[in-house]
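Taking it in order: structure first as structure tokens, then the write-up.
Protein chains: 2
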Amino acid sequence: MSKEEAIFKLIPAFRKHGYEGTSLTMLSKATGLGKASLYHYFPGGKSEMAATVFDYIGSELGKSVLKTLQGEGEPKLKIQAACESLREFYDSGRNSCFLAIMSFGEADKLFHDKVKARLELMIENLAKVLVEAGIEKEIAKIRAQDAIAQIQGALVLVRILDDTKPFERVIEGLPGRLLG
Amino acid sequence: MSKEEAIFKLIPAFRKHGYEGTSLTMLSKATGLGKASLYHYFPGGKSEMAATVFDYIGSELGKSVLKTLQGEGEPKLKIQAACESLREFYDSGRNSCFLAIMSFGEADKLFHDKVKARLELMIENLAKVLVEAGIEKEIAKIRAQDAIAQIQGALVLVRILDDTKPFERVIEGLPGRLLG
DNA sequence: GTCTATATAGGGATAGAC
DNA sequence: GTCTATCCCTATATAGAC
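Okay, here's the thing in structure tokens:
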């Protein structure tokens, strides 16, 4: 099994159970590898697995959403395309966000800086496009933050209410709220 | 030690570490009681402790925010007062919300219905005031949901960015967005 | 690279003295 | 009501064979 394949199989486990809620036994079952084999790929154990998954997810997000935002084109179109990427990325809100997952308990202790850096990166990329669209820099940053907060909040609601509509609504309204 | 006193001391532990991240050892230290003494107050163990804390927090929220919303008076003023209660309740965003905490991993398995019911109660109460203010019922429900999502999202950002401004901003703008 | 077997620590929970 | 001592289980992690 390739390392990437292993990473791929670890994702849903961490997503569903959170960092502390995911045991090596679960990760072993999820991958089909024995515990000891997991340590072959991830000598640092569970924390390395989580960190690797986090980075992998981040690079996936970079390839879709951030790539879209950084490309050429009309800001409004780029934002619309990015929203569509976000919908896929979060599977209409059914996928929890690793930023939120990793911001609690022991995961927060281990990965706080990493998580913060990723969130700031997303905010910056989004704000940049708003500036391209003629919005003042400080306003742009605030709108970008609020947009990401809306997404995070919608993910919480979807999880609790078992209903993807709150997420769909946020995505629907996002371009308008970002561009004013 | 009274049971209420014990509950009170359990709160910050669960808030900080989440359900699975909080061990009986932590809860023992937080209360100053031995593990066995905790079982005197909570025979159901950790899950009963968490459920009791969740209900306690819910009743606190009922006494402040929901009470304000259900009282007599101008809808706009009630909403403004409720927002102020929310700011205190979440300590400007420094307190995580138990709805979010309990919506992951094992806690979700144990408490999903309880959590969902509480969230729906909050949405209904908020929507009711909007209807009083002359807003159409379906719109009111959606706005109430979105408002709570914004709060939840802001709490995530505050945690990760170590900055309460996203939360303050949401609270500031909430009455306006709710009433249109 | 994957396994079985195991080490060691900590988890939740209980018994029973006081 | 609170404690000490303990039970059993699962957790993470490692050793070493194949």
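Here the protein sequences line up with chains A and Y, keeping their order.
So the first sequence is residues 1 to 180, counted in the working numbering.
So the second sequence is residues 181 to 360, counted in the working numbering.
Every residue, glycine too, gets a C-beta built ideally from N, C-alpha and C.
Output, in chain order, the set of chain A residues within a Cβ distance shorter than 7 Å of residue i.
i, result
"R339 of chain Y", "S103"
"G201 of chain Y", "E20, F104, G105 and E106"
"A280 of chain Y", "V156"
Nearest-angstrom Cα distance between residue i and residue j?
i, j, result
"E185 of chain Y", "I237 of chain Y", "13 Å"
"H292 of chain Y", "R177 of chain A", "32 Å"
"V309 of chain Y", "A327 of chain Y", "13 Å"
"G44 of chain A", "K183 of chain Y", "42 Å"
"K76 of chain A", "P175 of chain A", "7 Å"
"A311 of chain Y", "V350 of chain Y", "The sequence as given places Val at residue 311 of chain Y; Ala does not occur at that position. Each residue's Cα considered, the two are about 21 Å apart."
"G18 of chain A", "I101 of chain A", "6 Å"
"A133 of chain A", "A262 of chain Y", "36 Å"
"H220 of chain Y", "D235 of chain Y", "19 Å"
"I11 of chain A", "K289 of chain Y", "19 Å"
"T211 of chain Y", "G242 of chain Y", "25 Å"
"S96 of chain A", "G285 of chain Y", "11 Å"
"Q332 of chain Y", "G153 of chain A", "5 Å"
"I319 of chain Y", "M181 of chain Y", "48 Å"
"R15 of chain A", "E252 of chain Y", "44 Å"
"K46 of chain A", "E254 of chain Y", "54 Å"
"E60 of chain A", "G93 of chain A", "17 Å"
"L301 of chain Y", "K137 of chain A", "39 Å"
Applying a beta-carbon distance threshold of less than 8 Å, which residues of chain A neighbour residue i?
i, result
"E312 of chain Y", "Those do not exist, as E312 of chain Y stays about 23 Å from chain A at its closest Cβ, beyond 8 Å."
"I328 of chain Y", "G153 and L157"
"P346 of chain Y", "Q145, D146 and A149"
Assuming residue i contacts residue j (C-beta within less than 8 Å), just tell me the rounded distance between them.
i, j, result
"K324 of chain Y", "A307 of chain Y", "Checking the sequence shown, residue 324 of chain Y turns out to be Ala, not Lys. The pair is a contact, with the Cβ atoms about 4 Å apart (cut-off 8 Å)."
"M229 of chain Y", "L207 of chain Y", "6 Å"
"L266 of chain Y", "A149 of chain A", "With a Cβ gap of about 15 Å, L266 of chain Y and A149 of chain A do not count as contacting."
"I299 of chain Y", "I160 of chain A", "Correcting the residue identity first, residue 299 of chain Y is Leu in this sequence and not Ile. Their Cβ separation, rounded to whole angstroms, is 5 Å, which keeps L299 of chain Y and I160 of chain A in contact under 8 Å."
"Q80 of chain A", "N125 of chain A", "Incorrect: roughly 15 Å between the Cβ atoms, too far for contact."
"I322 of chain Y", "G360 of chain Y", "So it is not a contact: roughly 11 Å between Cβ atoms."
"F347 of chain Y", "Y270 of chain Y", "7 Å"
"A193 of chain Y", "T202 of chain Y", "5 Å"
"L24 of chain A", "L38 of chain A", "7 Å"
At 8 Å on the CB atoms, spell out the chain Y contacts of residue i, in chain order.
i, result
"L178 of chain A", "Those do not exist, as L178 of chain A stays about 15 Å from chain Y at its closest Cβ, beyond 8 Å."
"K116 of chain A", "I340, L341 and D342"
"L142 of chain A", "One point to set straight first is that residue 142 of chain A is Ile, not Leu, in the sequence displayed. Ordered by position in chain Y, the residues that pass the 8 Å Cβ test against I142 of chain A are R349."
"L119 of chain A", "L337, I340 and L341"
Using a Cβ cut-off of 9 Å, pull out every chain Y residue sitting near residue i, in sequence order please.
i, result
"H40 of chain A", "Simply none; closest approach about 27 Å."
- prompt: Can you give, in chain order, each stretch of the alpha helix (DSSP H) that sits fully within the stretch 206-269 of chain Y and has at least 4 residues?
  reply: 215-221, 226-241, 247-250 and 255-269
task: Could I get the ranges of all uninterrupted alpha helix (DSSP H) runs contained in the stretch 302-343 of chain Y, with 4 residues as the minimum, in chain order?
output: Whole alpha helix (DSSP H) segments, 4+ residues: 317-341.
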